[in-house]
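J.: I'd like to ask you about the structure that follows.
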Amino acid sequence: MKLMYLEIIETIMGTLFATNRGNVLKEIKSLKLDYHMNERTKAFCDLLNSEKDWTVKRIRQIARSNSHMFLLFSFFFPILTDKTMITLNEAISYAEQHFDETKDVFLDQLKETLGLERSCTTKELKQKLDEHPASKWFVSQVIDFPDMAKTVLIQGFDKICSFYKESGLIDENRDAVEKAMRGMKKPDFSDELAEVLHYYLKENVKSIEIVSLQNTMPFTIVHRKDLTVIGTRSLEVKNLFFGQHFASLGLSVLKDLSRLRILKLLSKEELYLDEIAKKLDLTKATVCHHVSMLHNLGFVVSEKRGVRTYFRLNRDNFERFLSILSKELRVSS
Numbered sequence: 007m008k009l010m011y012l013e014i015i016e017t018i019m020g021t022l023f024a025t026n027r028g029n030v031l032k033e034i035k036s037l038k039l040d041y042h043m044n045e046r047t048k049a050f051c052d053l054l055n056s057e058k059d060w061t062v063k064r065i066r067q068i069a070r071s072n073s074h075m076f077l078l079f080s081f082f083f084p085i086l087t088d089k090t091m092i093t094l095n096e097a098i099s100y101a102e103q104h105f106d107e108t109k110d111v112f113l114d115q116l117k118e119t120l121g122l123e124r125s126c127t128t129k130e131l132k133q134k135l136d137e138h139p140a141s142k143w144f145v146s147q148v149i150d151f152p153d154m155a156k157t158v159l160i161q162g163f164d165k166i167c168s169f170y171k172e173s174g175l176i177d178e179n180r181d182a183v184e185k186a187m188r189g190m191k192k193p194d195f196s197d198e199l200a201e202v203l204h205y206y207l208k209e210n211v212k213s214i215e216i217v218s219l220q221n222t223m224p225f226t227i228v229h230r231k232d233l234t235v236i237g238t239r240s241l242e243v244k245n246l247f248f249g250q251h252f253a254s255l256g257l258s259v260l261k262d263l264s265r266l267r268i269l270k271l272l273s274k275e276e277l278y279l280d281e282i283a284k285k286l287d288l289t290k291a292t293v294c295h296h297v298s299m300l301h302n303l304g305f306v307v308s309e310k311r312g313v314r315t316y317f318r319l320n321r322d323n324f325e326r327f328l329s330i331l332s333k334e335l336r337v338s339s
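My numbering puts the first residue of the sequence shown at 7, with every later residue one more than the last.
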């Protein structure tokens with residue numbers, strides 16, 4: 007296990023937050039959580055949202071589809087590295103030099119997120135993307151016009167990274183990360199980090215990258231080196247937990263009324279898909295989608311009995327997530 011700080015994460019998550027700022031703040035207020043945006047974060051959001059450059063506009067468009075926005079991380083991360091920190095310039099340079107190989111990783115991750123087999127055809131992928139118009143343009147460029155997609159990715163994020171620097175967040179967060187890393191002893195991490203790792207990691211995850219921190223702009227992500235799981239499948243919580251600015255990722259999953267109804271139902275009894283669909287008057291396909299997402303989040307557990315799979319609420323995990331989320335959001339900025 008090793009510690010690594012990936013600065014590009016901040017700009018990706020910053021873009022998500024800035025683009026969805028109004029909805030995020032509304033959700034935070036509805037939960038009666040104490041959160042106040044600091045001036046540097048506000049400056050970053052204002053710079054990004056007012057930018058007229060067409061590549062930034064395209065990235066903002068992708069950010070309207072939260073689960074797909076995070077997949078852009080695939081382009082920036084060198085899988086094999088001994089470094090403890092990858093700066094913005096290094097990440098963008100890597101994406102520019104390795105676009106052809108990383109675009110295949112991106113497309114594979116996208117297929118998995120959409121519930122498709124990796125062997126599916128381009129036509130099937132594009133048809134599925136009809137349900138996700140905010141992402142469709144960029145993905146179509148990756149498939150049909152990769153040079154155009156590369157221009158959007160590199161030029162757009164180069165501009166966004168300049169906002170990150172101009173706002174002052176880059177210095178603020180580097181200071182916070184350095185301080186936290188100095189306080190972490192290897193191999194014995196802090197009790198808080200150990201608790202998070204215990205909660206979020208599968209037993210078979212052996213190679214981990216940890217990106218810090220809370221209480222500034224960063225969120226924290228636990229990342230598998232093989233890139234098969236990087237917070238995909240609608241940003242599954244067992245692979246990441248949030249700093250105060252980006253609780254939007256968890257909230258975006260929980261604010262759906264159907265998912266909340268399913269959680270409430272499964273808190274009372276174990277049910278299989280057809281039973282859930284009947285009780286909530288939803289289609290089986292809709293229930294399957296929501297239950298799969300909640301299962302990936304660790305909120306729901308399954309047990310196969312004969313030909314049927316039964317689901318129930320994982321109460322401990324769900325309550326622990328809410329506790330961590332609430333604590334992160336209450337940290338003063």
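Just so it is clear, CB atoms sit at the ideal spot from N, CA and C, and this is done for glycine as well.
Whose C-beta lies closer than 7 Å to the C-beta of Ala101 among residues of the same chain, with five residues either side of it excluded?
T.: Excluding sequence neighbours, Ala101 sits near Phe81, Phe82, Thr108, Leu159, Ile160.
J.: For Val307 versus Ile166, is the C-beta spacing smaller than 8 Å?
T.: Going by C-beta atoms, Val307 is not nearer than 8 Å to Ile166.
J.: With a Cβ-Cβ cutoff of 8 Å, do Val297 and Phe317 count as a contact?
T.: A contact, by the Cβ cut-off of 8 Å.
J.: Among Thr21, Leu131, Gln147, which one has its Cα closest to the Cα of Arg341?
T.: Residue 341 falls outside the range modelled here, since the chain spans only 7 to 339, and no answer is possible.
J.: Helix, strand or coil for Thr289? Go by DSSP, reduced to three states.
T.: Reduced to three states, the DSSP call for Thr289 is coil.
J.: Give a yes or no on whether the C-beta atoms belonging to Leu286 and Leu271 are separated by under 8 Å.
T.: Against a cut-off of 8 Å, the Cβ pair of Leu271 and Leu286 comes out as a contact.
J.: Which same chain residues end up closer than 6 Å to Leu53 when comparing Cβ atoms and leaving out the 5 residues on each side of it in sequence?
T.: Answer for Leu53: Phe169, listed in chain order.
J.: Judging by CA-CA distance, which residue of Arg64, Phe23, Val111 is the nearest neighbour of Lys77?
T.: One detail in the question is off: residue 77 reads as Leu in this sequence, not Lys. The residue with the shortest Cα to Cα distance from Leu77 is Val111.
J.: What are the start and end residues of the beta strand (DSSP E) that includes Val306?
T.: Taken as a continuous stretch (DSSP letters only), the beta strand (DSSP E) holding Val306 covers 306-311.
J.: Please name the residue, chosen from Phe79, Phe305, Ile268, Met75, that lies closest to Ser141 on a Cα-to-Cα basis.
T.: Of the listed residues, the one whose Cα sits closest to Ser141 is Met75.
J.: By the DSSP assignment, the beta strand (DSSP E) with Thr315 in it spans what residues?
T.: Thr315 -> beta strand (DSSP E) spans 314-319.
J.: If the criterion is Cβ atoms closer than 8 Å, does the pair Ser273 and Arg321 meet it?
T.: Result yes, Cβ atoms of Ser273 and Arg321 sit closer than 8 Å.
J.: Could you pull out every residue in the same chain whose Cβ sits closer than 7 Å to the Cβ of Ile176, ignoring the five residues on either side in sequence?
T.: The answer, listed in chain order, is Tyr170.
J.: Pop quiz: Leu135 and Lys117 are said to be a contact at Cβ under 8 Å. What is the actual Cβ separation, rounded to whole angstroms?
T.: Not really, about 11 Å apart at Cβ, beyond 8 Å.
J.: Starting from Tyr146 and walking both ways along the alpha helix (DSSP H), at which residues does that stretch end?
T.: With the sequence shown as reference, residue 146 is identified as Ser, and Tyr is not the correct amino acid for it. Run containing Ser146: 139-150, per the alpha helix (DSSP H) assignment.
J.: Can you pull the DSSP bridge partners for Tyr278?
T.: For Tyr278, which the question treats as bridged, DSSP gives the partners Tyr316.
J.: Does the ligand NAP have a heavy atom nearer than 7 Å to the CB of Phe83?
T.: Because no ligand of any kind appears in the structure shown, any question about the ligand NAP cannot be addressed here.
J.: Locate the alpha helix (DSSP H) running through Asn55, then write down its first and last residues.
T.: Asn55 -> alpha helix (DSSP H) spans 45-56.
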